[in-house]
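Protein chains in written order, with the working numbering: chain S, 23 to 443; chain F, 23 to 443. For every residue, glycine included, the Cβ atom is placed at its ideal position computed from N, Cα and C. Down below is the structure, laid out as structure tokens.
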């Protein structure tokens, strides 16, 4: 019995429309290997659940509930923004993790997150060597930002990209109808503080059959007001209107976030967030066009109702692959999505060492951004298009998606409480 | 030949996810009665197309293109915000309309819009009597605001309501995952300057099976900061987080829009629009909770991808009924949606005289808003639930909805140009 170890699974960082599909892949695959893996214990609120010994017994959930994770957005076990310090800086945390792992017979550590989480996972993977506790740590990739290295793309991104492409197409149709007497410019703010992958997806709204005037503002390109206004004016003069997809992370030439440069509240405090109203206001000042703006915020990453089928499949596959890697005795790795071809799109599961993943951010390559800085290149389009392909609607009842809420029953704790720093 | 009159059809005011379904209903029904109705000529950009003799020949569109209107959001012929003055104030406009109608043998006038448009339609319906030109004017109801009288609900509303209910559910799941260490309050701004129907739909996100902490801010209820903050705090203390759905039209006790009370841009101009950041900022000031906010804006009314099937069917039925009323010789009327029962939901097509529709706004009745002012009553829920029922997905290709762009070929003009006032 001692040989059959339990697994720990946790979700980290901002959640996505498909991170639960990865959880589903982990749990369903582990359940298929009950000879080798005991229970899957989930951390309530990510790694914090491990530190505070707040574990969820996923074996109490029905097969049906676990299957429903595949189509339920958000983090079913709770997520967190909490980065482990280095072993030297906070040895107590690592010793605590080992205590909890030992107390609950945990031999596998699956951590589902982005770049910061890969760093946490890497640190845990070193516990075997550094503190002599045998653990296999596998990172399950997830991030709407699509900024993890090595993997061709990240689960979570394809669905946001689809949401942004669909929404930009729909809103552009709307503005086109109104522009003769009303709104001429529509500004949509999307996520992506450092990398412009999500903003780039706005450009997919237009294609050979449906020609829409769309300008993208990437965080990779310093905002030049004059050039931008000239581009907006040109679109409005040609089409009668223009849609702008702006990344929240766009900065002015001095490196300051545009979102921080403008708005102040009634008390004079500068109002964070909201680059869309700033850009829209500038357009009105400079060009006098009537505008509307939207900020998609959480709606974009939670929109499971319009998830990409490709993304759902990949998210599941990453969870499944992580368990298989664990069963093969691997440690300190992350499954990756390897692209085999663009058209037809084919992909397989690869593997990356965690030390090459942790704390590395992948930005939009220059060859993906059009020369004027406001669009994407055909190469970028070839990359993005397959990622939004296919629909995978959740079941609806009474007009609403039937997402699952798990029981999330706690594992009785065995240790003294632990104070988070 | 002189006896067979052409029909004029135009779209007015803010467009919706299903106004083209009404256009589809008008055109397909007219095409079935070619013995009585000639061509359907659409006004390019609403009534302006009639005034400027900018007419679109819809007979040049294929049956397939017209059928595709049923699943294409926005206004396929262009819409406008333009209200005809009274006959006494601008007789020239009415005389021009008659010129255009005569020149193009138009005997039926179908106007697809909200309360203001009903007023325009009413004025046109009086041309027969007042200026001796025989015309039958039928109003086709449309408004996301759901504020037309007599009809049980308005085409366009059900789909926005569904979008808001689904998005609120999805975003609430997201916040629930993050609230232990990050965002505790999510604020979603929705449309509805005077009536809280759209905001009310946010409350549908929670039901018997899925319990979510949601507070609604209605334009019908003056914003009381202290009471609201107490309600937010109570939700966060009970659930760990809270979602707020705020109508753009919420006002403070002095009647001033909240959206106008706060933000100023870098130049000190007050920034219009954006009540969500104002409310979110207040929550942080008063309670210190980390927040996120979203402004759905055009996304909500353009989101055909998540349209309500009920809404699509009703929008089509209104267009169809308008043509049938015209064929029955009616004038100055609007087809209505008459509710027969809540559960099971049954409805039929009724009829309202335009003079009882024009310029009348229907607000949320007091019996629909919960006593604390932040939610809906069971009665309101019974009213709203059927309206978001059913999905009616558009066809997708390469991951994107295949909306139609019509040819919109102009009818050769026969008159001198006309200057809009």
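{"Query": "Spatial neighbours of residue 344 (chain F) within its chain, please: C-beta separation below 7 Å, excluding the five flanking residues on both sides.", "Result": "48, 132, 160, 162 and 357"}
{"Query": "How many angstroms separate the CA atom of residue 179 (chain S) from the CA atom of residue 418 (chain F)?", "Result": "19 Å"}
{"Query": "So, with DSSP's three-state summary, where would you put residue 363 (chain S)?", "Result": "strand"}
{"Query": "Is there a Cβ from chain F that is less than 7 Å from the Cβ of residue 49 (chain S)?", "Result": "no"}
{"Query": "Could you say which of F:384, F:117, F:44 and F:243 lies nearest to residue 34 (chain F) if we only look at CA atoms?", "Result": "F:44"}
{"Query": "Pull out every residue of the stretch 87-121 of chain F whose Cβ sits closer than 9 Å to any Cβ of chain S, in chain order.", "Result": "94, 95, 96, 97, 98, 99, 100, 101, 102, 103 and 104"}
{"Query": "State buried or exposed for residue 310 (chain S), treating a residue as buried only when at least 16 other CB atoms are found within 10 Å of its CB.", "Result": "exposed"}
{"Query": "Quick check on the burial criterion: 16 or more other C-beta atoms within 10 angstroms. Buried or exposed for residue 437 (chain S)?", "Result": "exposed"}
{"Query": "State whether the stretch 149-156 of chain F contacts the stretch 96-103 of chain F, with contact taken as three or more CB pairs (one from each stretch) at a distance under 8 Å.", "Result": "no"}
{"Query": "Mind pulling the beta strand (DSSP E) runs of 3 or more residues that sit fully within the stretch 217-269 of chain F?", "Result": "236-239 and 264-269"}
{"Query": "Going straight from the alpha carbon of residue 23 (chain S) to that of residue 56 (chain S), what length do you get?", "Result": "Because residue 23 (chain S) sits at a pLDDT of 44, beneath the cut-off of 50, its placement in the model cannot be relied upon, and the point is left open."}
{"Query": "DSSP has residue 135 (chain F) in a bridge; who is on the other side?", "Result": "F:163"}
{"Query": "Work out the CA separation of residue 397 (chain F) and residue 304 (chain F) for me, nearest whole Å.", "Result": "20 Å"}
{"Query": "How many angstroms separate the CA atom of residue 11 (chain S) from the CA atom of residue 405 (chain S)?", "Result": "This structure cannot speak to residue 11 (chain S), because chain S is shown only from 23 to 443."}
{"Query": "CB-CB under 6 Å to residue 158 (chain F), same chain, minus the five flanking residues each way: which ones, in chain order?", "Result": "130, 348 and 353"}
{"Query": "Could you tell me the alpha carbon to alpha carbon distance between residue 138 (chain F) and residue 217 (chain F), rounded to whole angstroms?", "Result": "15 Å"}
{"Query": "Evaluate residue 350 (chain F) with the Cβ neighbour count: other Cβ atoms within 10 Å of its Cβ, from every protein chain shown; 16 or more gives buried, anything less gives exposed.", "Result": "exposed"}
{"Query": "Please work out which residues of its chain come closer than 6 Å, Cβ to Cβ, to residue 374 (chain S), disregarding the five sequence neighbours upstream and downstream, and give them in chain order.", "Result": "172, 356 and 358"}
{"Query": "So for residue 368 (chain S), helix, strand or coil by DSSP?", "Result": "strand"}
{"Query": "Quick one: list the residues of chain F neighbouring residue 337 (chain S), beta-carbon separation under 8 Å, in chain order.", "Result": "The contacting residues do not exist; residue 337 (chain S) stays about 15 Å from chain F at best."}
{"Query": "Consider the Cβ of residue 321 (chain S): report whether some Cβ of chain F lies at a distance smaller than 7 Å.", "Result": "yes"}
{"Query": "For residue 364 (chain F), which residues from the same chain have a beta carbon less than 7 Å from its beta carbon, with the 5 sequence-adjacent residues on both sides left out?", "Result": "404 and 408"}
{"Query": "Let me see if you follow: with CB-CB separation under 7 Å, is residue 199 (chain S) close to chain F or not?", "Result": "yes"}
{"Query": "I want to see whether chain S comes within less than 7 Å of residue 433 (chain F), judged by CB atoms only; does it?", "Result": "no"}
{"Query": "So what's residue 40 (chain S) in DSSP terms, helix, strand or just coil?", "Result": "coil"}
{"Query": "Applying the 10 Å Cβ sphere with the 16-neighbour rule, what's the burial state of residue 381 (chain F)?", "Result": "exposed"}
{"Query": "Could you tell me whether any Cβ in chain F is nearer than 7 Å to the Cβ of residue 208 (chain S)?", "Result": "yes"}
{"Query": "Let me see if you follow: with CB-CB separation under 7 Å, is residue 23 (chain S) close to chain F or not?", "Result": "Reliability fails at residue 23 (chain S), whose pLDDT of 44 lies under 50, so the model's placement of it is uncertain and no value is given."}
{"Query": "Residues of the stretch 164-194 of chain S in Cβ contact with chain F at a cutoff of 7 Å, in chain order, please.", "Result": "184, 187, 188, 189, 191, 192 and 193"}
{"Query": "Mind checking if residue 317 (chain S) is an interface residue toward chain F, Cβ cutoff 7 Å exclusive?", "Result": "yes"}
{"Query": "Residue 257 (chain F) and residue 235 (chain F): beta carbons closer than 7 Å?", "Result": "yes"}
{"Query": "Nearest CA to the CA of residue 71 (chain S): which residue from S:51, S:118 and S:112?", "Result": "S:118"}
{"Query": "Taking Cβ-Cβ distances shorter than 9 Å, what residues in chain F pair up with residue 423 (chain S)?", "Result": "188, 191 and 192"}
{"Query": "For residue 141 (chain S), count the other beta carbons within 10 Å of its own beta carbon; 16 or more makes it buried, fewer makes it exposed. Which is it?", "Result": "buried"}
{"Query": "For residue 26 (chain S) and residue 440 (chain S), what's the separation of their Cα atoms in angstroms?", "Result": "27 Å"}
{"Query": "According to the neighbour-count rule (16 or more other Cβ atoms, all chains shown, within 10 Å of its Cβ), is residue 67 (chain F) buried or exposed?", "Result": "buried"}
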